[in-house]
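Participant: Chains V and G are the protein sequences, given in the same order.
According to the numbering used here, the stretch in the first sequence is residues 35 to 485, in order.
According to the numbering used here, the stretch in the second sequence is residues 95 to 548, in order.
One structure coming up, written as structure tokens, with questions to follow.
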Amino acid sequence: MFKRFTNSCVKLVQKYLPDPFIFCVVLTLVVFILGILLTRQTPLAMIVYWGKGFWSLLGFSMQMALVLVLGHAMANAPAFKRLLSRLADIPKTPGQAIVTVSIVAVIACWINWGFGLVIGAIFAREIARKVKNVDYRLLIASAYSGFLIWHQGFSGSIPLTISEGGEAVATLTQGVISSPIPTSMTIFHPAVLLTSLGLLICLPLVNRAMHPDEEHTVSFVPPADAAAVQLDKASMTPADKMENGPLFSMLTATLGLVYIVYHFATNGFSLTLDVVNFIFLIVGIFLHKTPRSYLNAIADGAKGAGGILLQFPFYAGIAAMMIGKNAAGISVAGIFSTGLVSIATKATFPFLSFISAGIVNFFVPSGGGQWAVQAPIILPAAQNLGVHPAVASMTIAFGDAWTNMIQPFWALPALGIAGLGAKDIMGYCIIDLIVGGIIMAIGITIFGFML
Amino acid sequence: MDSITTKSKGSILWRISKKFQFAADKIIPDSFVFCLILTFFVYIVALIFTGSSPVDLIQYWYNGVWSQATFAFQMSFMVVTCAATARAPQVKKVLKAIASIPKTPVGAMILLMLFGYVSSFVNWAFCTIVTPILAMQLSKQVKGLHFPMMIAAGYSTMILGQCLGPSASVYALIATDGHFLVDKIGIITQETSVYNSMNVILWTILAIFTMLLAVFTVPPKDEIVEFSTALDDEESFEKEEIVTLADRMNGSKIFMWLVGLAGLIAIGYSFATKGFLGSLNINFVIFIFLTANTFLYNSPRKFIVAFKNSMPLATEVMVQFPFYGGIAGIMSESGLAAMIAVGIAGIASANSMNVFAYWSASFVNLFIPSQGGQWIVQGTPLVDAAHQVGANIPHVINSFVYGDEATNLLQPLYVIPALAIVGMKLKDVWGFMAFIWMFWFVITSIGLYVIPLI
């Protein structure tokens with residue numbers, strides 16, 4: 035029964051899900067039309083929002099592209115590959131392989147989402163080389179399923195933002211959050227931790243249950259990476275020696291490692307996306323030993339970043355159209371949030387807000403962007419109903435992570451590493467969406483009763 | 095000139111330039127290693143002269159590393175988008191038509207450089223990308239052109255064009271209301287800052303001289319390197335089987351036209367509200383190329399494939415920009431950049447101020463390639479010094495811009511996209527770039543001192 039349902043999801047997605055780029059073009063058109071119909075703005079006004087918003091995520095897009103490229107380069111360093119390959123020796127059967135990848139992905143994404151996205155996919159690739167008859171698509175989908183947990187984890191941008199408090203938070207929440215909300219009331223609240231634990235236990239089991247029988251298994255052995263070219267030392271010019279010698283790599287790595295130690299010594303264990311990228315960069319340079327070897331690895335990784343380069347600006351345009359307000363101050367995103375929230379009571383509010391956040395996330399995949407869109411609407415509404423602001427904030431965080439399972443935006447880096455298309459994994463992700471949604475909906479409702 | 099020596103050894107200029115090129119071949123490493131070397135150089139110099147502790151300097155370095163993320167994304171996106179445009183079959187046809195006008199190597203070089211100056215006035219990013227593409231086509235049509243020289247010459251026109259173009263960031267900045275030095279120098283419009291007689295005269299001399307230099311640096315026949323890489327292959331698309339709805343969407347033209355139409359409207363709107371030059375920032379240039387691509391590659395599948403194939407070009411930008419950000423971070427936060435500016439200004443007089451401003455900007459630019467960033471670091475000390483010695487402010491700013499631009503011939507950051515498009519290495523062209531720079535350095539130093547006196 036469960037297998038048949040999974041299979042039909044996989045088939046459906048194979049048939050109807052176009053390339054992620056078209057997906058984002060279609061979303062662009064949908065929001066464009068919704069904006070005209072719902073908020074009664076002119077087509078030109080919508081296009082102007084789009085054209086302006088197009089460039090609003092530049093710095094962030096670079097960070098995302100670098101997470102992929104630098105993470106990929108680091109993972110391809112000989113020493114790191116040996117480590118992953120030893121870990122990949124642990125699982126023996128396809129079922130164990132899926133469970134191992136899922137657990138690693140969930141834990142890594144809980145610690146840091148950028149790290150988790152890349153490590154999960156790289157680990158899955160390594161396992162595919164070792165374990166026979168494991169379905170490669172499901173393996174990558176399992177690696178991606180860990181991403182469900184990111185926004186209730188250590189790098190969740192909404193809980194981290196409200197734990198810092200400050201002017202911007204107060205303005206965005208219309209004064210509802212005037213003093214910082216500590217992470218003990220969000221990430222480390224028992225109800226939230228319980229939800230995280232639920233995901234950690236259920237996702238590996240669900241992913242394992244989805245494994246197709248032998249005749250439907252699509253196994254794939256990723257090609258071995260090209261062996262290093264042997265160099266003729268005698269005929270090298272000074273320039274060649276600089277490129278192929280360890281001197282400059284080691285000097286750079288020393289500078290970087292000193293900073294990393296300094297950073298953790300002074301700031302404690304705090305990981306922003308920039309720090310993650312920096313660690314990837316420095317460790318990558320160090321493990322590759324020579325500039326030439328590192329550059330080759332980077333060039334290899336950059337091939338997978340095309341989707342990010344091309345699509346992030348389009349999503350920025352979509353988000354700008356979503357939040358573009360008409361003369362009366364109403365935006366498409368606002369209509370969604372208010373509509374769902376207007377039918378809520380104190381008990382149902384967390385659930386409904388979670389659903390609305392899930393829908394909005396489809397169009398505004400970035401967690402920070404989503405906070406900017408929804409906080410001004412959800413938090414005042416929550417206050418009116420007597421719902422605690424910590425709960426209200428976490429509903430947005432949960433919803434934001436939830437529908438990422440069927441929104442290929444975040445899967446792009448993982449897909450770039452895996453060499454798969456979105457339609458290969460999204461069928462399995464639908465099941466993870468359903469199961470994860472149930473766990474998260476229950477968790478957030480309990481959370482609402484406890485605070 | 096003796097025809098026999100021309101045949102065997104090339105012109106005198108060629109023989110000099112060859113010395114540069116010979117050195118470059120041996121000692122210029124990959125541009126990535128180049129920027130690592132710069133990092134340590136700046137680190138050590140700052141350690142010795144500014145009294146910052148080693149750990150402080152590492153922190154300044156880190157603070158700068160990600161400061162250029164936005165710019166890095168713009169550059170990568172620009173390279174990829176523009177390369178996709180340039181490789182579209184239709185664009186190739188047009189460039190081929192232009193490239194078929196000149197019949198001789200001299201004509202081809204002159205056409206390339208005139209095209210470079212004009213496109214640089216329009217926009218530097220546009221010029222950086224289109225000039226090497228035109229050079230590629232010219233090299234195919236006209237025999238006897240030395241391709242590395244064409245790339246270096248084309249790149250030099252982009253740099254020089256910025257000194258007389260209205261869009262250079264310093265000139266645009268000081269014409270803007272409320273810029274950060276407005277208390278000291280007021281608002282200076284492009285009319286005074288760019289198009290004053292000294293700047294125009296000096297620029298014309300340099301522009302003509304550079305063209306002569308490029309034309310007369312002739313290699314002997316057997317040393318000519320013509321363009322040959324596989325990069326220039328046209329995108330080929332095999333027919334894919336169309337079975338499912340998803341396949342049909344991937345091949346559908348409607349999506350591309352709708353996006354293209356929206357793009358055209360956004361472009362038109364910007365021109366209508368901000369004017370042509372007012373719209374042309376780097377984002378807008380990318381946007382124009384992106385919109386063009388939606389028509390040139392008229393199905394989503396082709397569009398995506400074209401992008402994917404151009405991705406390797408962005409690699410260098412992605413990995414090097416953080417390091418340049420870090421270098422700039424050390425330079426500005428440790429006070430090293432300001433120290434250099436102040437030190438040089440301390441020995442200047444009203445007449446020689448221009449020359450010192452030029453030299454100091456030339457030097458600092460090696461480490462802070464972004465003009466806007468360099469102005470933030472150097473602007474205040476330079477303007478203060480100019481006031482003290484009673485120098486002409488627009489002239490000092492002109493000198494700053496010449497210095498800031500000229501050493502981009504030595505500092506490879508901006509030439510990376512151009513090299514990526516034609517599939518060359520820095521060491522293939524660096525010798526010629528340094529060769530051109532040496533002449534510029536002499537002429538500009540003399541010109542900045544002498545022309546205002548006349």
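Every residue gets a Cβ at the ideal spot worked out from N, C-alpha and C, and that includes glycine.
What are the boundary residues of the alpha helix (DSSP H) that includes lysine 186 (chain G)?
Facilitator: Here residue 186 (chain G) refers to the residue found at position 92 when the second sequence is read from its first residue. Counting along the chain, the alpha helix (DSSP H) containing lysine 186 (chain G) begins and ends at 183-193.
Participant: Residues in the stretch 494-523 of chain G with C-beta within 8 Å of chain V's C-beta atoms, listed in sequence order?
Facilitator: The residues in question are Lys521.
Participant: Please classify isoleucine 462 (chain G): does DSSP put it in a helix, a strand, or coil?
Facilitator: Residue mapping note: residue 462 (chain G) aligns to position 368 of the second sequence, counting from 1. Coil, per DSSP.
Participant: Nearest CA to the CA of glycine 338 (chain V): which residue from G:Met405, G:Pro394, G:Ala400?
Facilitator: Within the first sequence, residue 338 (chain V) is the residue found at index 304, counting from 1. The shortest C-alpha separation from glycine 338 (chain V) is found at G:Met405.
Participant: When you compare the CB of serine 95 (chain V) with every CB in chain G, is at least one pair closer than 8 Å?
Facilitator: What you label residue 95 (chain V) is simply residue 61 of the first sequence in a count that begins at 1. Serine 95 (chain V) counts as touching chain G.
Participant: Along chain V, in chain order, which residues have C-beta atoms closer than 8 Å to that of serine 170 (chain G)?
Facilitator: For the purposes of this step, residue 170 (chain G) is identified with residue 76 of the second sequence, where counting begins at 1. Within chain V, the residues near serine 170 (chain G) are Met96, Ala99, Leu343.
Participant: Taking the alpha carbon of threonine 385 (chain G) as the reference point, which residue from G:Gln482, G:Pro313, G:Phe143, G:Met350 has its own alpha carbon closest?
Facilitator: Residue numbering aside, residue 385 (chain G) sits at position 291 when the second sequence is read from its first letter. Of G:Gln482, G:Pro313, G:Phe143, G:Met350, the residue nearest in Cα terms is G:Met350.
Participant: Looking at the secondary structure, which residues open and close the alpha helix (DSSP H) in which histidine 106 (chain V) lies?
Facilitator: Translated into positions along the first sequence, residue 106 (chain V) becomes position 72. 92-109 is the span of the alpha helix (DSSP H), which, as asked, contains histidine 106 (chain V).
Participant: Would you list, in sequence order, the uninterrupted alpha helix (DSSP H) runs of no fewer than 4 residues that lie entirely inside the stretch 356-381 of chain G?
Facilitator: Correct list: 370-373.
Participant: Ignore the nearest five residues each way along the sequence and tell me which others in alanine 324 (chain G)'s own chain have a CB closer than 6 Å to its CB.
Facilitator: Here residue 324 (chain G) corresponds to residue number 230 of the second sequence, with the count starting at 1. Unreliable positioning characterises alanine 324 (chain G) in this predicted model, as indicated by a pLDDT of 47, which lies under 50. The coordinate reading is nonetheless provided below. Closer than 6 Å at Cβ, skipping near neighbours: no residue.
Participant: Whose C-alpha, out of G:Val490, G:Ala485, G:Phe533, G:Lys519, is nearest the C-alpha of threonine 501 (chain G)?
Facilitator: Taking the first residue of the second sequence as 1, we reach residue 501 (chain G) at position 407. Ranking G:Val490, G:Ala485, G:Phe533, G:Lys519 by Cα distance to threonine 501 (chain G) puts G:Phe533 first.
Participant: Expressed to the nearest angstrom, what Euclidean distance is found between the alpha-carbon atoms of alanine 455 (chain G) and alanine 246 (chain G)?
Facilitator: On the second sequence, residue 455 (chain G) is found 361 positions in, with the first residue counted as 1. On the second sequence, residue 246 (chain G) is found 152 positions in, with the first residue counted as 1. Taking the straight line joining both Cα atoms gives about 22 Å.
Participant: How long is the line joining the alpha carbons of proline 486 (chain V) and cysteine 129 (chain G), rounded to whole angstroms?
Facilitator: With chain V covering only 35 through 485, there is no way to say anything about residue 486 (chain V).
Participant: With a CB to CB cut of under 6 Å and the five nearest residues on each side skipped, what residues in its chain are close to arginine 326 (chain V)?
Facilitator: Taking the first residue of the first sequence as position 1, residue 326 (chain V) is located at position 292. If we look at arginine 326 (chain V) and ignore the five residues flanking it on each side, its Cβ neighbours are Glu277, Asn278.
Participant: Going along chain G in order, which residues have a C-beta closer than 7 Å to the C-beta of methionine 276 (chain V)?
Facilitator: Against the first sequence, residue 276 (chain V) aligns to sequence position 242. Per Cβ cutoff of 7 Å: Pro123, Val127.
Participant: Would you list, in sequence order, the uninterrupted alpha helix (DSSP H) runs of no fewer than 4 residues that lie entirely inside the stretch 126-177 of chain G?
Facilitator: Fully enclosed alpha helix (DSSP H) runs of 4 or longer: 148-159.
Participant: Taking only beta-carbon positions, decide if methionine 412 (chain G) is within less than 8 Å of chain V.
Facilitator: In the second sequence, counting from the first residue as 1, residue 412 (chain G) sits at position 318. Cβ-Cβ to chain V under 8 Å: yes for methionine 412 (chain G).
Participant: Do three or more CB pairs link the stretch 431-441 of chain G to the stretch 464-472 of chain G at distances below 8 Å?
Facilitator: Enough Cβ pairs lie closer than 8 Å, so yes.
Participant: Measure the beta-carbon distance from cysteine 143 (chain V) to tryptophan 184 (chain V) and round it to whole angstroms, keeping in mind my assumption that it falls under 8 Å.
Facilitator: Taking the first residue of the first sequence as position 1, residue 143 (chain V) is located at position 109. Taking the first residue of the first sequence as position 1, residue 184 (chain V) is located at position 150. Their Cβ separation, rounded to whole angstroms, is 5 Å, which keeps cysteine 143 (chain V) and tryptophan 184 (chain V) in contact under 8 Å.
Participant: Distance check for threonine 195 (chain V) and alanine 107 (chain V), CA to CA, integer angstroms please.
Facilitator: Within the first sequence, residue 107 (chain V) is the residue found at index 73, counting from 1. Within the first sequence, residue 195 (chain V) is the residue found at index 161, counting from 1. Distance between the alpha carbons of alanine 107 (chain V) and threonine 195 (chain V) is about 30 Å.
Participant: Using CA coordinates, which residue listed in V:Gly85, V:Gly420, V:Phe39 is at the minimum distance from phenylalanine 381 (chain G)?
Facilitator: One-based indexing of the second sequence puts residue 381 (chain G) at position 287. Closest by alpha carbon: V:Gly85.
Participant: So, is the C-beta of methionine 527 (chain G) closer than 8 Å to a C-beta in chain V?
Facilitator: Looking up residue 527 (chain G) in the second sequence gives position 433. So no, methionine 527 (chain G) is outside the interface.
Participant: Strictly under 8 Å for the Cβ-Cβ distance: is threonine 271 (chain V) near chain G by that measure?
Facilitator: Counted from its first residue, the first sequence places residue 271 (chain V) at position 237. Yes, contact with chain G.
Participant: Could you check whether the Cβ of glycine 453 (chain V) sits closer than 8 Å to any Cβ belonging to chain G?
Facilitator: As a position in the first sequence, residue 453 (chain V) is number 419, starting the count at 1. It does not: the Cβ of glycine 453 (chain V) has no partner Cβ on chain G nearer than 8 Å.
Participant: Let me see if you follow: with CB-CB separation under 8 Å, is tyrosine 349 (chain V) close to chain G or not?
Facilitator: Sequence index remark: in the first sequence, residue 349 (chain V) carries index 315 (1-based). So no, tyrosine 349 (chain V) is outside the interface.
Participant: Quick check on DSSP: helix, strand or coil for isoleucine 441 (chain G)?
Facilitator: The residue you call residue 441 (chain G) lines up with position 347 of the second sequence. DSSP places isoleucine 441 (chain G) in coil when its eight states are reduced to three.
Participant: Taking 8 Å as the threshold (beta carbon to beta carbon), is leucine 325 (chain G) in contact with chain V?
Facilitator: The count along the second sequence starts at 1 and reaches residue 325 (chain G) at position 231. Model confidence at leucine 325 (chain G) stands at a pLDDT of 48, short of 50, so the residue's coordinates are unreliable and nothing is read from them.
Participant: Using DSSP with H/G/I as helix, E/B as strand and the rest coil, what is tyrosine 391 (chain G)?
Facilitator: Position 297 of the second sequence holds residue 391 (chain G). Coil.
Participant: For the stretch 324-340 of chain V, which residues have a CB atom closer than 7 Å to at least one CB atom of chain G, in sequence order?
Facilitator: Listed by position along the chain: Pro325, Leu329, Ile332, Ala333, Ala336, Lys337, Ala339, Gly340.
Participant: Have a look at methionine 219 (chain V) and tyrosine 496 (chain G) and give me their C-alpha separation to the nearest angstrom.
Facilitator: By one-based count along the first sequence, residue 219 (chain V) stands at place 185. By one-based count along the second sequence, residue 496 (chain G) stands at place 402. Whole-angstrom Cα-Cα distance: 58 Å.
Participant: Quick one: what's got a C-beta closer than 8 Å to valine 294 (chain G)'s C-beta in the same chain, skipping five residues either side?
Facilitator: Taking the first residue of the second sequence as 1, we reach residue 294 (chain G) at position 200. Counting only Cβ-Cβ distances below 8 Å, and skipping sequence neighbours, we find Leu258.
Participant: If you reduce the DSSP assignment to three classes, tell me which class glycine 187 (chain V) lands in.
Facilitator: By 1-based counting over the first sequence, the position of residue 187 (chain V) is 153. In this structure, glycine 187 (chain V) counts as coil in the three-state DSSP scheme.
Participant: Determine the direct distance from the alpha carbon of glycine 318 (chain V) to that of alanine 111 (chain V), and round the result to whole angstroms.
Facilitator: The residue you call residue 111 (chain V) lines up with position 77 of the first sequence. The residue you call residue 318 (chain V) lines up with position 284 of the first sequence. Approximately 7 Å between the Cα atoms of the pair.
Participant: Could you tell me which chain V residues have their CB closer than 9 Å to the CB of lysine 113 (chain G), listed as they occur along the chain?
Facilitator: Taking the second sequence and counting its residues from 1, one reaches residue 113 (chain G) at position 19. Ordered by position in chain V, no residue passes the 9 Å Cβ test against lysine 113 (chain G), which lies about 16 Å from the chain.
Participant: On the criterion of 16 or more Cβ atoms from any shown chain inside 10 Å, does isoleucine 424 (chain G) qualify as buried, or is it exposed?
Facilitator: Translated into the one-based positions of the second sequence, residue 424 (chain G) becomes position 330. It counts as buried.
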